[in-house]
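Visitor: Heads up: the protein sequence lines correspond to chains A and B, in order.
Its first residue numbered 6, the first sequence is counted upward by one per residue in my numbering.
Its first residue numbered 6, the second sequence is counted upward by one per residue in my numbering.
Ideal placement from N, C-alpha and C gives every residue a C-beta, glycine not left out.
2 protein chains.
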Amino acid sequence: MTDRAALRRLSLNQRTTASWSLPEAIKGCVDAGLGAIGIWREQLAEVGLDEACRLVADSGLRVSSLCRGGFFTTADWAEADAAAASNRDAIDEAAALNAATLVLVPGGLPRGDRDLQAARDRAARAIEQLVPYAHDHGVNLGIEPMNPIYAADRGVISTLAQALDIAERFDASDVGVVVDTFHLWWEPGIAEQVQRAGERIVSYQICDWITPLPADTLLARGMMGDGHIDFPTFTRSVATAGYRGDIEVEIFNADLWAAPPVEVVETMAKRYLELVQPYLD
Amino acid sequence: MTDRAALRRLSLNQRTTASWSLPEAIKGCVDAGLGAIGIWREQLAEVGLDEACRLVADSGLRVSSLCRGGFFTTADWAEADAAAASNRDAIDEAAALNAATLVLVPGGLPRGDRDLQAARDRAARAIEQLVPYAHDHGVNLGIEPMNPIYAADRGVISTLAQALDIAERFDASDVGVVVDTFHLWWEPGIAEQVQRAGERIVSYQICDWITPLPADTLLARGMMGDGHIDFPTFTRSVATAGYRGDIEVEIFNADLWAAPPVEVVETMAKRYLELVQPYLD
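Structure below.
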């Protein structure tokens, strides 16, 4: 198998090369021989949906995910309505781009609010309220459980088990889960939960857990191989669960953002071929 | 109830006032009217076990915990033997001090090792091997599940459920669990796990989860009330589970370490009376 063929399931999440605009990222993926791209709404808005759809169609790339919907843990009705409207817009965009999933990041605790269970319940209800709209538009909602390091300020759904407890209330074609190594590598019984997830895995995102953690924990992610995660074992588990979609590299890291994006894509392709791709079949 | 009586179950973990020697910390606890102290082995070694036992006996304080044993995830036989010997020494000390428990911090992944499950299994086996010695010395081993933020480098046991899965293989009088709000506040189903723990709760440690996290994540803990944790709800849960022991304040935080220890103890007593003590009965 040539390297090009071996890269056909590799996807670049735009956050890995944050300095690239959407047109630049699409060109970067095509030049590197990747099969897909994970698009962020902020960069999408810069070029507009129609132009983005045209660029994606011309490129031949799949859209492995649209990032991101969610952030619907507010207890304020007006804010909740605004979040719902924003999520419907995101569903429209995901439909137009034919994205494999719209990634839902739940959001954290509202300011001054310490009732985590209530915030989790509101996130689940917000998902429930989005499902009919997503279903009508043929968009899969991907719930992203997030490392507990973000439970307070970014994502109140903390484990794959917890995400599945919510997702399983709906048809698998409507609500899936995002399996991200950074968020889930530590979860007790993760192999069993990945098997339980099965066809609900709508995105496999990869990056490493590095220590010491950088000062800004939002940027605490590392290139595969630089940290503590066992990618061969995790990847085999996801493959055995039946996942046949793209593998998206999403790395928030200030050092990578300062490096030339073409080099970052080269490194991620190299590490993918070494640590992930051989374990997909 | 006077404040003094209300403070009778409050314990100062020595790490909260890191600049104090053991004699200074004991005096600080007595002066503030606390009922107990959590002792660290490093400061214990500075004065010697006999002198420490005399100081503690004279003070009338209970020893709510000895910190810490554990760090037994190594895959190297010689290192494992050394860890076992150190843990037996810690058991001797805990017995002499009549500590409510010897806190076991499992340790992280060995350098370059990415097999988290194997490290967890080694931690469980190391506990199993310590139990007979601890039993003979009348010491309870308290397994401390740690926030997943530390899964790679400090504590591979990440949830109370996981700690209980290990602890329940043994008599409750031999092996218990340490319930620390910082480590466990985010755990899905934590209320049910605390009830499941019941009499196995041998230490209730408190401090807050603050955001943004400080640059050094080891020092990421905050004073109760400064962060996101719902102490009244958590405390009621622990009390309902039957816990009648001391409540130990353990805060690793550079700002607190820079403050006068007497003021830190005053603040922690104030916050305890406000956020914890009323919910203990």
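Using a C-beta to C-beta distance shorter than 7 Å, which residues of chain A count as neighbours of residue 157 of chain B?
Guide: Mapped onto the second sequence, residue 157 of chain B falls at position 152. Result: 214, 216, 233.
Visitor: Assuming contact is defined by CB atoms lying nearer than 7 Å, are residue 106 of chain A and residue 145 of chain A in contact in what I supplied?
Guide: For this step, residue 106 of chain A is matched to residue 101 along the first sequence. For this step, residue 145 of chain A is matched to residue 140 along the first sequence. Against a cut-off of 7 Å, the Cβ pair of residue 145 of chain A and residue 106 of chain A comes out as a contact.
Visitor: Who are the neighbours of residue 256 of chain B on chain A, taking C-beta pairs under 8 Å?
Guide: As a position in the second sequence, residue 256 of chain B is number 251, starting the count at 1. By Cβ distance, chain A contributes nothing, its closest Cβ being about 17 Å from residue 256 of chain B, past 8 Å.
Visitor: Spell out the partners DSSP gives residue 173 of chain A in its beta bridges.
Guide: If you number the first sequence from 1, residue 173 of chain A lands on position 168. According to DSSP, which records beta bridges pairwise, residue 173 of chain A is partnered with nothing at all.
Visitor: Per DSSP, residue 18 of chain A forms a beta bridge with which residues?
Guide: Residue numbering aside, residue 18 of chain A sits at position 13 when the first sequence is read from its first letter. Per DSSP, A:43.
Visitor: With 7 Å as the limit, tell me which residues of the stretch 139-158 of chain B have their beta carbon closer than that to any beta carbon of chain A; keep them in chain order.
Guide: Listed by position along the chain: 152, 153, 154, 156, 157, 158.
Visitor: What residues in its chain sit with their C-beta under 8 Å from that of residue 6 of chain A, if we drop five residues either side in the sequence?
Guide: For the purposes of this step, residue 6 of chain A is identified with residue 1 of the first sequence, where counting begins at 1. Note that residue 6 of chain A scores a pLDDT of 48, beneath 50, so its modelled location is shaky and nothing firm can be said.
Visitor: At what residue ranges does the stretch 182-250 of chain B contain a whole run of the beta strand (DSSP E), taking only runs of 3 or more?
Guide: Runs of the beta strand (DSSP E) inside the stretch 182-250 of chain B: 206-211.
Visitor: If you draw a straight line from the alpha carbon of residue 40 of chain A to that of residue 169 of chain A, how long is it in whole angstroms?
Guide: In the first sequence, residue 40 of chain A corresponds to position 35, counting from 1. In the first sequence, residue 169 of chain A corresponds to position 164, counting from 1. One C-alpha to the other measures close to 28 Å.
Visitor: Who are residue 72 of chain A's beta bridge partners in DSSP?
Guide: By 1-based counting over the first sequence, the position of residue 72 of chain A is 67. Answer by DSSP bridge pairing, in chain order: A:45, A:108.
Visitor: When you compare the CB of residue 164 of chain B with every CB in chain A, is at least one pair closer than 7 Å?
Guide: The residue given as residue 164 of chain B occupies position 159 in the second sequence. Chain A, which has a Cβ nearer than 7 Å to the Cβ of residue 164 of chain B, makes this yes.
Visitor: Mind checking residue 207 of chain A: buried by the 16 CB within 10 Å criterion, or exposed?
Guide: Position 202 of the first sequence, counted from the start, is the residue given in the question as residue 207 of chain A. Buried.
Visitor: Fully enclosed by the stretch 120-180 of chain B, which alpha helix (DSSP H) runs are 4 residues long or longer?
Guide: With a minimum length of 4 residues, the continuous alpha helix (DSSP H) runs that stay inside the stretch 120-180 of chain B are 121-141, 165-172.
Visitor: Let's see if you can read the secondary structure: which residues bound the alpha helix (DSSP H) around residue 35 of chain A?
Guide: Position 30 of the first sequence, counted from the start, is the residue given in the question as residue 35 of chain A. Element bounds for residue 35 of chain A: 27-37.
Visitor: Would the beta-carbon of residue 166 of chain A fall within 7 Å of that of residue 198 of chain A?
Guide: The residue labelled residue 166 of chain A in the question sits at position 161 within the first sequence. The residue labelled residue 198 of chain A in the question sits at position 193 within the first sequence. Yes, the pair counts as a contact, with Cβ atoms nearer than the cut-off.
Visitor: Name the DSSP beta bridge partners of residue 67 of chain B, please?
Guide: Indexing the second sequence from 1 puts residue 67 of chain B at position 62. B:41, per the DSSP bridge assignment.
Visitor: Residues of the stretch 114-131 of chain B with a CB closer than 9 Å to any CB of chain A: list them in chain order, please.
Guide: Those would be 114, 118, 119, 120, 121, 122, 125, in chain order.
Visitor: Along chain B, in chain order, which residues have C-beta atoms closer than 7 Å to that of residue 220 of chain A?
Guide: Against the first sequence, residue 220 of chain A aligns to sequence position 215. What residue 220 of chain A touches in chain B: 220.
Visitor: For chain A, is any of its Cβ atoms less than 7 Å away from the one on residue 262 of chain B?
Guide: Against the second sequence, residue 262 of chain B aligns to sequence position 257. So, not an interface residue.
Visitor: Whole angstroms is fine: what's the gap from residue 73 of chain A's alpha carbon to residue 99 of chain A's?
Guide: As a working note, residue 73 of chain A is residue 68 in the first sequence. As a working note, residue 99 of chain A is residue 94 in the first sequence. Whole-angstrom Cα-Cα distance: 10 Å.
Visitor: What would DSSP say about residue 56 of chain B, mapped onto helix, strand or coil?
Guide: Locating residue 56 of chain B in the second sequence gives position 51, counting from the first residue. Note: residue 56 of chain B maps to helix in three-state DSSP.
Visitor: Can you check whether the CB of residue 280 of chain A is closer than 7 Å to the CB of residue 230 of chain A?
Guide: Here residue 230 of chain A corresponds to residue number 225 of the first sequence, with the count starting at 1. Here residue 280 of chain A corresponds to residue number 275 of the first sequence, with the count starting at 1. Yes, Cβ-Cβ distance for residue 230 of chain A and residue 280 of chain A is below 7 Å.
Visitor: With contact counted as at least three CB pairs below 8 Å, one residue from each stretch, are the stretch 114-129 of chain B and the stretch 35-55 of chain B in contact?
Guide: They do not touch, by the three-pair rule.
Visitor: Given residue 108 of chain B, which residues of its chain have a CB within under 6 Å of its CB, disregarding the five upstream and five downstream residues?
Guide: Mapped onto the second sequence, residue 108 of chain B falls at position 103. Within the same chain, residue 108 of chain B has close Cβ partners 70, 72, 73, 147, 149, 183.
Visitor: Taking 7 Å as the CB-CB limit, is residue 200 of chain A close to chain B?
Guide: Position 195 of the first sequence holds residue 200 of chain A. No - not a single Cβ of chain B is within 7 Å of the one on residue 200 of chain A.
Visitor: Taking the alpha carbon of residue 191 of chain B as the reference point, which residue from B:154, B:220, B:176 has its own alpha carbon closest?
Guide: On the second sequence, position 186 is the one that residue 191 of chain B refers to. The residue with the shortest Cα to Cα distance from residue 191 of chain B is B:154.
Visitor: Here's a check: name, in chain order, each residue in its chain whose Cβ is nearer than 8 Å to the Cβ of residue 113 of chain A, leaving out the five neighbours to either side.
Guide: The count along the first sequence starts at 1 and reaches residue 113 of chain A at position 108. So the list reads 78, 124, 155, 156, 157, 158, 159, 160, 161, once near-sequence residues are dropped.
Visitor: Can you list, in chain order, the residues of its chain whose CB lies under 8 Å from that of residue 272 of chain A, leaving out five sequence neighbours each side?
Guide: As a first step, residue 272 of chain A is located in the first sequence; it is residue number 267 there, counting from the start. So the list reads 228, once near-sequence residues are dropped.
Visitor: Compare the C-beta of residue 167 of chain A against all C-beta atoms of chain B and say whether one is closer than 7 Å.
Guide: Residue mapping note: residue 167 of chain A aligns to position 162 of the first sequence, counting from 1. Yes, contact with chain B.
Visitor: Classify residue 254 of chain B as helix, strand or coil using the three-state DSSP reduction.
Guide: Residue numbering aside, residue 254 of chain B sits at position 249 when the second sequence is read from its first letter. Strand, per DSSP.
Visitor: Do we get a CB-CB distance below 7 Å when we pair residue 25 of chain A with the residues of chain B?
Guide: For the purposes of this step, residue 25 of chain A is taken as the residue at position 20 of the first sequence. No - not a single Cβ of chain B is within 7 Å of the one on residue 25 of chain A.
Visitor: Mind checking the stretch 169-191 of chain A against chain B and listing, in chain order, the residues whose C-beta falls within less than 9 Å of any C-beta there?
Guide: Within the stretch 169-191 of chain A, the residues whose Cβ lies closer than 9 Å to some Cβ of chain B are 170, 190, 191, listed in chain order.
Visitor: So is residue 164 of chain A buried or exposed if we call it buried at 16+ other beta carbons inside 10 Å?
Guide: Against the first sequence, residue 164 of chain A aligns to sequence position 159. By the neighbour-count rule (16 or more Cβ atoms within 10 Å), residue 164 of chain A is buried.
Visitor: So, does the stretch 239-248 of chain B touch the stretch 239-257 of chain A, judging by three or more C-beta pairs under 8 Å?
Guide: The stretch 239-248 of chain B, when compared against the stretch 239-257 of chain A, does not touch it at the 8 Å Cβ threshold.
Visitor: So the alpha helix (DSSP H) residue 115 of chain A belongs to, where does it begin and stop?
Guide: Here residue 115 of chain A refers to the residue found at position 110 when the first sequence is read from its first residue. Element bounds for residue 115 of chain A: n/a, residue is neither H nor E.
Visitor: Return the chain-ordered list of same chain residues with a C-beta closer than 8 Å to the C-beta of residue 26 of chain B, the five sequence neighbours on each side being excluded.
Guide: Taking the second sequence and counting its residues from 1, the one referred to as residue 26 of chain B is at position 21. Cβ within range, chain order: 48, 51, 52.
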